[in-house]
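Scroll down for the structure; my scribbles are underneath it.
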Amino acid sequence: MSGAAGPAAAYANRDLGEVLNSAPALVVAGERLNAGLLRRFYARHGFAPVWPTRPAQANSLMNAVLRAGEQGLPPELFHANLLRATATLPPVDRELLLSDAFLSYADALARGAMPIERRRDDEALTPEPIDVAAVLDAAIDSGDPAAAVEALAPTTPTYRALRQALQNSPSGGPVGGKAASSGVRQIEVNLERQRWLPRRLPADRVWVNAADERAVLYRGDQPVFSTKVVVGQDVLRNQSPEF
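Residues 413 to 655 in our numbering are what the sequence shown spells out, letter by letter.
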């Protein structure tokens, strides 16, 4: 691991607190870590290593990250390649890499993988506040750490249907071809948009399906009125806002 300056060996014999608080940027084997998130997590543990004494929990969470594709998320976003080779890493690197992978995956399930600051203004919904460091701690203490983290994903019928559609989709490889690959990508994008939504939608709301050109009015969580609507065009300035 290395920070903004200095090789990995510079950290070999330093404790986690010194590593996390001395470098503005943290990098393991060329992959950037979320230093702020790691500081919050390890502050809860007195900056002591977490995973050497919890191998079963680490394996459970690692398997969850490696199957992130089932949620429409590329496992590579969460250091999947390095997770498969953690035995080759120095202990401090392995410790921080595992925590960063688990925390980042939990955050992506809870609020979406795309950083809020990179979303367009008309797509920037305010996510519900969540302390993923506290969630990871609770997962560690639970009987099924992977399930505890995966529970951060939406549980709506729409999200479940999209996951099922993703599971049933061709891979987009030689058999599926370009059209199949495009279809898979559309499902992944819609799963991400679902993760941006508040987990508890207002009971009274208007729901617009731009693709179907239809709006539905809900009262008390029940559809009471539906009508055709005019939607935008492909030209950016004429597009309908989508979430």
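C-beta atoms are modelled at their ideal positions from N, C-alpha and C, and glycine is treated no differently. Being a predicted model, the structure only gives us computed values, none of them experimental.
Whole-number beta carbon distance between residue j and residue i, since they are thought to touch under 8 Å
i           : j           : result
residue 516 : residue 490 : 5 Å
residue 643 : residue 622 : 5 Å
residue 602 : residue 564 : Not confirmed; about 18 Å, so no contact.
residue 462 : residue 505 : No, residue 462 and residue 505 are not in contact; Cβ-Cβ is about 14 Å, not under 8 Å.
residue 456 : residue 549 : 6 Å
residue 568 : residue 598 : That belief does not hold up - the Cβ atoms of residue 568 and residue 598 are roughly 18 Å apart, past 8 Å.
residue 509 : residue 561 : Incorrect: roughly 16 Å between the Cβ atoms, too far for contact.
residue 631 : residue 566 : Not a contact, Cβ separation roughly 22 Å.
residue 604 : residue 526 : 7 Å
Status (buried if at least 16 other CB within 10 Å, exposed otherwise) for residue i
i           : result
residue 458 : exposed
residue 638 : exposed
residue 524 : buried
residue 656 : No statement about residue 656 is possible, as the shown extent of the chain runs from 413 to 655 and does not include it.
residue 428 : buried
residue 519 : buried
residue 484 : buried
residue 495 : buried
residue 507 : buried
residue 544 : buried
residue 587 : The predicted position of residue 587 is uncertain, since its pLDDT is 39 and thus under 50; no value can be drawn from it.
residue 576 : exposed
residue 608 : buried
residue 594 : exposed
residue 472 : buried
residue 469 : buried
residue 431 : buried
residue 618 : exposed
residue 600 : buried
residue 613 : exposed
residue 487 : buried
residue 460 : exposed
residue 437 : exposed
residue 499 : exposed
residue 636 : exposed
residue 558 : buried
residue 497 : exposed
residue 546 : exposed
Range covered by the beta strand (DSSP E) that runs through residue i
i           : result
residue 563 : Per DSSP, residue 563 belongs to no beta strand (DSSP E) and is neither H nor E.
residue 439 : 438 to 440
Boundaries of the alpha helix (DSSP H) in which residue i is found, first to last residue
i           : result
residue 459 : Counting along the chain, residue 459 falls outside any alpha helix (DSSP H), and DSSP gives it neither H nor E.
residue 429 : 428 to 434
residue 544 : 544 to 553
residue 715 : Limits of the chain in this structure are 413 at one end and 655 at the other, which puts residue 715 out of reach.
Meets three-Cβ-pair contact criterion under 8 Å: the region 474 to 488 and the region 444 to 457: no
Every unbroken beta strand (DSSP E) inside the region 586 to 633 [3 residues or more]: 617 to 621 and 626 to 631
Every unbroken alpha helix (DSSP H) within the region 446 to 518, with a cutoff of 4 residues, ordered by chain: 447 to 455, 467 to 478 and 492 to 495
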